Amino acid sequence: MGIKTADIAVYPVSVFNSGNKSFWFGSLERILEHHPFLEHPHKQLFYMLLFVEKANGSVIIDNATIRLDEAKVICIKPNSVFSLDINRTARGFAICFTESFFSLRYNNNVLYQFSFLKKNAESYVRLTLKQTERWNNILQLMQEETSAEQKGVEKVLRSYLNILLYDLDRKFHKHAAAEKVNSKDEKIILFEKLLEENYTAQKTPSFYAKRLHITTNYLNKLCHDYRGVTGGELIRKRITIEAQRLLHYTSLSVAEVAYKLGFESPSYFITFFKKNTGTTPEYFRKSNH
């Protein structure tokens, strides 16, 4: 049982390693000794995949208990209340990543398309012996990559992560019942399509609500129900991801990035970027090269 406090603690990826704000990879062996906060109920601002090859204990996600035994993969989504009870000699790995880490290379909507990342999806799947071996092979390569510190390490890690996510998606699809797309699903999909087409020019939820023939309040409710955030937050996240891509992959100046993304002035863009990432565009660019 975790310690009850007035507020549920919320942690970013940097809680594992202060040098990286978007990705962490580590062994499950003695993980609670190295990161004792995991033992107490808390929220995380990132996705966590637990590849459990063999362990004793349990994972609690929003009051649902998952027993740890033989090979399985457990997905902890951002803002779920999560705690971990695991033996010291457990075999397996934890992969922690933010949406922006993945989206820096891949389209921002791809994460939403993975069935196991949807709000009401099951939190884990069991792995066969063959699947366990496959995951072990890829995770060993990821471990070597994180240790080698060679050029392009984040790009390689994203590629391995993409393979694992698609592998999981196939596994989940086999177990998931066929889902009928309802009108609410369609509204969210259409909103994300409109956002992709208009985010540099239209930055307010009211524009998209009008195009969808619904109220802004209803759009926010749909976004919160299906994506866990408001419409405004989705818009800001999309702009932020594109800003990070431009800063990382192009030689455009901060001012040029600002105007390309439809900001009235560089100073307004810098304020926006810092508010949504916790750092300045210049610092982000330097720390990601």
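Quick note: the sequence shown uses our numbering, first residue -10, plus one each step.
C-beta atoms are modelled at their ideal positions from N, C-alpha and C, and glycine is treated no differently.
Treat the numbers as computed from the prediction; the structure is a model and nothing was measured.
Quick one, are the C-beta atoms of residue i and residue j less than 8 Å apart?
i	j	result
Leu57	Ser47	yes
Leu201	Lys176	yes
Ile28	Ser72	It is Glu, not Ile, that sits at residue 28 in the sequence shown. Yes. Within cutoff.
Met131	Phe14	yes
Ala83	Ile(-3)	no
Leu241	Pro270	no
Thr87	Phe35	yes
Ala60	Thr121	yes
Pro67	Gln33	yes
Gly217	Leu208	no
Thr204	Ala198	yes
Leu44	Ile63	Before going on, a small fix: residue 44 reads as Ala here, not Leu. For Ala44 and Ile63, no; Cβs fall outside 8 Å.
Arg225	Asn265	yes
Lys160	Leu211	no
Val145	Glu134	yes
His24	Phe5	yes
Between residue i and residue j, what straight-line distance do the alpha-carbon atoms span, to the nearest angstrom?
i	j	result
Asp214	Phe12	26 Å
Lys140	Lys275	15 Å
Ser195	Phe180	12 Å
Glu222	Asp158	26 Å
Pro30	Gly251	41 Å
Phe91	Arg147	6 Å
Asp156	Thr117	13 Å
Ser104	Arg77	32 Å
Ser112	Ile127	21 Å
Arg227	Glu185	8 Å
Glu231	Leu154	22 Å
Arg110	Phe261	The sequence shown places Ala at residue 110, not Arg. So the alpha carbons of these two residues sit roughly 33 Å apart.
Ile50	Tyr0	15 Å
Tyr248	Arg234	15 Å
Cys85	Gln191	32 Å
Val2	Ser89	12 Å
Tyr238	Glu42	37 Å
Glu22	Ser16	12 Å
Glu253	Asn277	26 Å
Phe258	Gly8	25 Å
Ile152	Leu100	13 Å
Gly81	Asn52	23 Å
Leu93	Lys119	31 Å
Lys263	Val142	25 Å
Pro255	Leu183	25 Å
Trp124	Gly267	34 Å
Could you pull the DSSP bridge partners for residue i from this structure?
i	result
Thr54	Ile49
Arg80	Lys43
Gly15	Ala83
Leu236	Leu236 is not bridged to any residue.
Tyr155	The partner list for Tyr155 (beta bridge, DSSP) is empty, contrary to what the question assumes.
Ala(-2)	His31
Val243	In the DSSP output, where bridge partners are listed per residue, Val243 has none listed.
Arg115	Lys61
Does DSSP put residue i in a helix, a strand or coil?
i	result
Ser72	strand
Tyr207	helix
Phe5	coil
Gly217	coil
Ile230	helix
Phe252	coil
Arg94	coil
Leu223	helix
His202	coil
Leu38	strand
Lys61	strand
Gln191	coil
Lys144	helix
Ala137	helix
Lys66	coil
Asn126	helix
Phe180	helix
His23	helix
Ala167	Residue confidence is low: Ala167 scores 42 on pLDDT, short of 50, so the model does not pin down where it sits. Its coordinate-derived value is still stated next. Residue state, collapsed to three classes: coil.
Measuring only between beta-carbons, confirm whether residue i sits less than 8 Å from chain B.
i	result
Glu185	Considering every chain present, this structure includes no chain B. It has just one protein chain.
Say the cut is 7 Å; is the CB of residue i nearer than that to a heavy atom of the ligand MN?
i	result
Ser11	In the structure on display, the ligand MN does not appear, and there are no ligands present to speak of.
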